[in-house]
Amino acid sequence: MRLLLLLALKALWASWCQATQHYPASWGHYDVCKSQVYTEDGLGWHYMACQPEATDMTKYLRVTLDPANITCGDPPEMYCALPMFEENPYMCNNECDAATEELAHPPELMFDFEGRNPTTFWQSTSWKKHPKPLQVNITLSWNKTIELTDDIVITFESGRPEQMVLEKSLDYGRTWQPYQFYATDCLDAFTMEPKAVHELTQHTLLDIICTEDYSRGYVWKYDKTVRFEIKDRFALFAGPRLHNMASLYGQLDTTKNLRDFFTLTDLRIRLLRPATGATMVDENNLSRYFYAISDIKVQGSPRLCLTVTCKCNLHANACMFEKGKLSCECEHNTTGPDCSRCKRHYQGRAWSMGSYLPIPKGTANICRVCDSVLLRCQNGGVCEQHQRCRCPPAFSGVLCERGPCYGDPCEELQSGQAALHLATTRQALLLLLLSLITSLTATWGLLSP
Ligand SMILES: [Ca+2]
């Protein structure tokens, strides 16, 4: 009975996921890399573009804080709440103590399962050194390229920061580019005109903007999230309900900049100024000012349905996590962590990523051994599905290039033949030289008096 209930709940969950995910089921998920087909030559494979299903990638990341000792609780500290969070603005009864589990706020509490009470959160030390800035970098590293498919949502347990930058890296943290600036006053903080994501167009989609939407001067108690809007950007091509994914996929296929925009290996949240809730910082109550984050996720509603996807260039439908490293399970004769190379012996033509088009199955662009144009099988071999040359008896090699005389005895024979050939050539040259000298001497004899 319990099992039945569990199965029913699971089915309900799956259908809820299906109903709420942002890629309509009719588009398919590019979840199959190949299927078996019957051809004139017998059983063979039909190859399709494929990619791993989007999943919660927060469990595969490594989090780094800078400065490293910025987490509260060592030594233990008392905190006050901002006036708008508490009835009594002078309530200072929140203790942070790293040595006591119930009072500790380590970074991993930004990634645990939220939804139970009370919330669990990471918390920084307070702004004790005011007016020196209280700044924290939170870096999330996957050690693998991933693609964003949904919004990034950061939930603050403190007030939302007054200044913050979200950055990304495409090269494992060596270089960084801003994704979005956040401030109560964009002009003042970053000398940028404030802009909202809904003001972007297809042509300005890749513009980096500063938004005041998530850090207004006043803080509403329940307004805790800061967002990086991926869905709104997708909607510029796919329509407000993302019903025209063909248009988006078409753009992704043809525009590298657009693909790169949603691709990253690391994310960095740069917290530059905490919420103060007022224009003036209360010097006498610096324990009010700190950062606290309860959750970081790529918004999927519900959480497990959709987040980001492991980037495999449309050559794999699964990623594996081994020895702390995430990598694609490559198909289509590709290899490498992102399937971005052709396997050895399959490098007959330049590697290329799969294509989303034509919808719904896309094009695999597999790495080939042979074809009928540049990579012809030799000595009468027949190319089978670009995968192998079927060689006539006595011929071998990837392209049937090895003749019947391959192997040690043959090589000896061949080297013997070569020596004979060389000797013959030497003799011929000698004869030619002799005849030349003879004719020259004769000519000289004729000319001389
Ligand atoms: Ca949490």
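At position 79 of the sequence shown (counting the first as 1) the number is 79 in the UniProt record's numbering, and the numbers step up by one without a gap. Note that beta-carbon positions come from the ideal geometry of N, C-alpha and C, so glycine has one too. Every value quoted in this text rests on a predicted model; they were computed, and no experiment measured them.
Spatial neighbours of residue 145 in its chain, beta-carbon cut-off 6 Å, leaving aside the 5 residues before and after: 263, 265, 311 and 338
Whole-angstrom Cβ separation of residue 326 and residue 355, contact assumed at under 8 Å? In fact, because the Cβ distance is near 24 Å, the residues do not count as touching under 8 Å.
Looking at residue 293 and residue 156, is the spacing between their C-beta atoms short of 7 Å? yes
Boundaries (first-last residue) of the alpha helix (DSSP H) holding residue 247: 245-254
With DSSP run on the structure shown, which of helix, strand or coil describes residue 130? coil
Where the alpha helix (DSSP H) through residue 402 begins and ends: Note, residue 402: premise wrong, no alpha helix (DSSP H); not H, not E.
On the DSSP bridge list, what partners appear for residue 292? 123
Please classify residue 177 as buried or exposed, where buried requires at least 16 neighbouring CB atoms within 10 angstroms. exposed
Spatial neighbours of residue 384 within its chain, please: CB distance less than 7 Å, with the 5 preceding and 5 following residues excluded, ordered by chain position. 41 and 390
Please classify residue 457 as buried or exposed, where buried requires at least 16 neighbouring CB atoms within 10 angstroms. This structure cannot settle anything about residue 457, because the visible part of the chain is limited to 1 through 449.
Distance, Cα to Cα, residue 21 vs residue 360? Caution is warranted here: a pLDDT of 43 is assigned to residue 21, below 50, making its placement in the model unreliable, and no coordinate value can be reported.
Report whether the distance from the Cβ of residue 101 to the nearest heavy atom of ligand 1 is below 6 Å. no
Taking DSSP as the reference, what is the three-state secondary structure of residue 332? coil
Start and end of the alpha helix (DSSP H) containing residue 34? Unbroken run through residue 34 is the beta strand (DSSP E), 34-39; no alpha helix (DSSP H).
So residue 158 packs on residue 275, CB below 8 Å; how close in whole Å? 6 Å
What's the C-alpha gap between residue 127 and residue 362? 53 Å
Below 6 Å CB to CB, which residues in the same chain sit around residue 365 once its five sequence neighbours on both sides are set aside? 352 and 354
Leaving aside the five residues before and after residue 190 along the sequence, list all residues of the same chain whose C-beta is less than 7 Å from its C-beta, in chain order. 181, 183 and 210
How many angstroms separate the CA atom of residue 30 from the CA atom of residue 240? 22 Å
Contacts around residue 399, its chain only, beta-carbon distance under 8 Å, and the 5 residues preceding and following it disregarded: 369, 370, 375, 376, 377, 378, 381 and 389
For residue 450, which residues does DSSP report across the bridge? Lying before the first or after the last residue shown, residue 450 is absent from the chain, which here runs from 1 to 449.
Residue 157 beta carbon near ligand 1 (any heavy atom closer than 6 Å): no
According to DSSP, is residue 69 part of a helix, a strand, or is it coil? coil
Express the C-alpha separation of residue 160 and residue 54 in angstroms, rounding to a whole number. 28 Å
At a cut-off of 6 Å, is residue 56 close to ligand 1 when judged by its beta-carbon and the heavy atoms of the ligand? no
So residue 186 is in the alpha helix (DSSP H); what residue range does that whole segment cover? 186-190
Does any heavy atom of ligand 1 sit closer than 6 Å to the C-beta of residue 109? yes
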